[in-house]
Amino acid sequence: MTQIYISTKSSHNPSLTHIEAGLSTIKSWMRYNLSKRTVTNRGHWH
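Listed below in structure tokens is the structure:
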């Protein structure tokens with residue numbers, strides 16, 4: 024499990040939509056890299 028903590032300055036509060044979009048990008052990147060690592064460790068494609 025991965026946890027991400029976000030801290031912002033009180034004068035700059037990004038919208039929840041903006042934060043969700045960033046988290047979605049991170050989730051996609053992690054999913055891609057995890058599957059890539061699994062393939063590399065097993066030496067073949069699923």
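In the working numbering, the protein residues as written are 24 to 69. For glycine and all other residues, C-beta sits at the position ideal for the given N, C-alpha and C.
Residue i, DSSP secondary structure in three states
i, result
"Ile29", "coil"
"Ser51", "helix"
"His35", "coil"
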